[in-house]
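K.L.:
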Amino acid sequence: MKPVALQDYICSLDPASLPRILKICSGVYFQSSIYELSGLECCLSTGDLIKIIQINLKKVICENLQTGHITELPPDFPGYFSSTVNPQLYSTLDKLMSAATQNGALPIYFSSVHDIKVQGRVVPRDQPLMLKSVETYQGIRRACCMMDSGTPKFTMYLPLSLRGTFYSWGSGFPQTLLQTLQGPVLLDRPFICPTLHWNSLILQPVYEIDAIMHMRTDIVKIPSTLEVDVEDITASSEHLHQQFSKPLLLSDILAQGGPFPMRVAILEVPDGPPVFHRSLKKGQELMIHGPASPPWRVLASSRSRKTPRHFLISGAYRGKLRRRPHEFHTAFDLLLALSPGFPLYVVATQDWEGEEGDSTSPSLFRGDRLEVLGKDEGPNGEVLVCNRLSDVAGEEEEEEQREEKEQLLLPLYSSCGFVEEMSDGKRYSLANLITQIPLPCEVKVLGKDPSLSEDPLASLLGLRLEEKITEPFLTISLSTDPKMCFEIPPRWLDLTVVVVSESLEKQGEPLLTCTVEELTDAFYYKLQSLQYCSAQAPPPRPPKTKRKCNSSAKPNEAPKPETKAPVKVPELPAKHTRACFLPQASKSCSEVYGKSSKVRKPLRKSPEKRESDDSDHDYEDPDEELKQTIKMMAETILPYCDHDYEYVGDFS
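Printed below as a string of structure tokens:
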């Protein structure tokens, strides 16, 4: 086949022959064209291959040959088209029949410019009618006409003397727009459509092509008016069908449901933190064996002082587990672990002193045994209701406990440590454990999974089973080792792959599936925010600690700063003369030095303000230093206090 324009090829294409493979002989690229803005493909390079799977009529461009006027017709345009219409109009049906039968026999096709009312029905204007025969009834000649546009066909009788405005369609029945486009040979001829009132027009259909291109995830949509030359190579392209491989996501393969097994190649690995410690790379070939069974997993973390490790354990895990006592840090943790129908007994591992002045806030001692009952409203907020049990176990003690139990109301923020009291020595399988024991729970792996060469859970001191996750997984293996399988959740790790081969024979030997996968820390914490991980409310905030204050201060008032007794400072004389510092004759020496020892420098103004400003500071007390100075002065001057000095008087 020689290259032809894409528009001419699509107009002559029979939809029943699809799909067709075309080769682009002359490419075109319209950057920022209207095709790009409307979401259509506009870049086709020379040599590209496209596989047409469907064509859809979008519109028809109608051009008047006389005036050049162009209009667009929708695919459901109600008018009729014919290439052999006689434009001459007749006033009666008899004249129309006489003129039409001169060049041929019946039947003939005609229409009326106006509506025709006959036998209780209305024939719309321009509706084609077929005149089959003429007969005489009761002396009146009438035409037997049939309208076959509806279902069922309707036959009517019209007198030849009927007056109106009629025109002939010729010997060929007029066609609708879609019927006209099915004959591509007629598209080059001019048509007449009485509905448009144009004497001559041509039609150009515009199609939207649905095609597949190599390594395109979506269906490409191409307008048929794109100026591209194409060549049909369907007959010689049996080996080219694999060139149109469509990239798929693992979620798409899971939704399709098969056929399994299939071999795929990885085209792209999604961005983001890796899910498992084992990684898959671009270009690796995988064997997809089908959905994994059972469809649930358990999220678990190791209990060790080192950095914890996180695992996803399959429901098919066959290791043996034994329960371990669960440790709780606060009363709020006890409330979260309490489940209906599962009694919870714990032992306190730390002392807890109740709030001072609150009779309902109990004190706990290390070793106290408690039975956790539930949550209730206390005087200062929500509390955990518990029963204090006796340390002595026995039938007599149990009877005493039934008669009288000490009920405690623990604040949810109490940080007294607890450990679960249990005596369960049974060995559980994973499936039995999660049906009998509520999660989360603490376990120890006693026996490893025999299907695993190395079970990473067996070497751990303890394991915390946190959450049961129901998520569809795919059982996958590397093509280099198809028997050793692992499981991938498409929701978390949705690889982009391309199918290499389908409908492969199933493995005769049973597959070995890795039932334990270690998660990366980044993905583990991301998993906590997903919807199936239970969203736990934050623990209650403990009350603010009260600052130490005087016992006389009220609880709701801020403690007042301690005030010291002000020191009495003697007033100094107004004039600083020499006589002021000499002893008087009438006064003893002891009195003179006693008064002089009390002489101090004047203090600053507003002592009350300064005292209040400095009350919060830890400065040295100046009174102590002043007292020491006065004491030293007194000890030094006292030996001379018995001498009599002569009064000299003022120097002035």
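Sequential numbering of the sequence shown, starting at 1, is according to full-length UniProt numbering. Even glycine gets a Cβ: it sits at the ideal position worked out from N, Cα and C. Please read all numbers here as calculations on a predicted model, not as lab measurements.
1. Terminal residues of the continuous alpha helix (DSSP H) containing Gln7?
2. Apart from the five residues just before and just after Phe473, which ones in its own chain have a Cβ nearer than 6 Å to its Cβ?
3. Rounded to whole angstroms, what is the Cα-Cα separation between Ala585 and Gln628?
4. On the three-state DSSP scale, how would you describe Tyr109?
5. Tell me the DSSP bridge mates of Thr155?
6. At which residues does the beta strand (DSSP E) containing residue 683 begin and terminate?
7. Taking three-plus beta-carbon pairs below 8 Å as touching, is the region 43-54 in contact with the region 137-150?
8. To the nearest whole angstrom, what separates the beta carbons of Leu267 and Thr496, a pair I think is in contact under 8 Å?
9. Are at least three pairs of beta-carbons, each pair with one atom in the region 105-112 and one in the region 125-133, less than 8 Å apart?
10. To the nearest angstrom, how far is it from the Cα of His617 to the Cα of Leu626?
11. Kindly provide the ranges of any alpha helix (DSSP H) runs that are 4 or more residues long and lie completely inside the region 202-272, ordered along the chain.
12. Counting pairs of Cβ atoms below 8 Å between the region 382-391 and the region 285-305, do you hit three or more?
13. Based on the DSSP secondary-structure assignment, which residues constitute the bridge partners of Lys375?
14. Do Leu106 and Tyr167 have their CB atoms nearer than 9 Å?
15. Please go through the same chain and pick out, in chain order, the residues whose beta-carbon is closer than 7 Å to the beta-carbon of Pro19, but skip the five residues on each side of it.
16. Is the beta carbon of Phe328 within less than 8 Å of some heavy atom of the ligand ADP?
17. Cβ atoms of Arg297 and Ser314: under 9 Å apart, would you say?
18. Taking Cβ to Cβ, would you say Leu22 is nearer than 9 Å to Ile212?
19. Kindly indicate which three-state DSSP category Leu312 falls into: helix, strand or coil?
20. In the DSSP assignment, find the unbroken beta strand (DSSP E) run with Met97 in it and report its ends.
21. Given a cut-off of 9 Å, decide if Glu421 and Pro362 are closer than it, judged by their beta-carbon atoms.
22. DSSP three-state label for Met422, please.
23. Can you give, in chain order, each stretch of the beta strand (DSSP E) that sits fully within the region 271-301 and has at least 3 residues?
24. Using a Cβ distance threshold of 8 Å, determine whether the region 342-353 contacts the region 367-376, with at least three qualifying pairs required.
25. Taking C-alpha atoms, which residue in Ser415, Pro205, Leu410, Arg323 lies nearest to Leu181?
26. If you follow the alpha helix (DSSP H) that Phe81 is part of, which residue opens it and which one closes it?
27. Would you report the Cα separation of Phe154 and Pro78, rounded to the nearest angstrom?
28. On the DSSP bridge assignment, give the partners of Ile434 in chain order.
29. Can you give me the start and stop residues for the alpha helix (DSSP H) that Leu178 sits inside?
30. Look up Ser414 in the DSSP assignment and say whether it is helix, strand or coil.
31. In the DSSP assignment, what are the bridge partners of Glu517?
32. Once you ignore the five residues that flank Met147 on each side, which residues in its own chain have a CB closer than 6 Å to its CB?
33. Inspect the CB distances between the region 409-428 and the region 325-341 and report whether three or more fall short of 8 Å.
34. Could you have a look at Phe332 and say whether DSSP puts it in helix, strand or coil?
35. Hey, quick one: how far does the beta strand (DSSP E) through Gly462 stretch, first residue to last?
P.N.:
Let's see:
1. 6-11
2. Ala292, Glu487, Pro489
3. Caution applies to Ala585, whose pLDDT of 38 falls short of 50 and renders its modelled position unreliable; the value that the coordinates give is listed next. If you take the alpha carbons of Ala585 and Gln628, they lie about 29 Å apart.
4. strand
5. Met146
6. Coverage of the chain is limited to positions 1 through 652, which leaves residue 683 absent and any answer about it impossible.
7. no
8. 5 Å
9. yes
10. Since pLDDT at His617 reaches only 49, below the 50 mark, its modelled position is unreliable, and no value is offered.
11. 250-256
12. no
13. Leu384
14. no
15. Lys51, Ile52, Ile53
16. Ligands in the displayed structure: none, and consequently the ligand ADP is not present.
17. yes
18. no
19. strand
20. First-last for Met97: 93-100, but that is the alpha helix (DSSP H), not the beta strand (DSSP E).
21. no
22. coil
23. 285-291
24. yes
25. Pro205
26. Unbroken run through Phe81: none, as it is neither H nor E.
27. 19 Å
28. Looking at the DSSP assignment, Ile434 forms no beta bridge with any residue, so it has no partner.
29. 177-181
30. coil
31. Leu312
32. Leu129, Phe154
33. yes
34. helix
35. No beta strand (DSSP E) holds Gly462; DSSP gives it neither H nor E.
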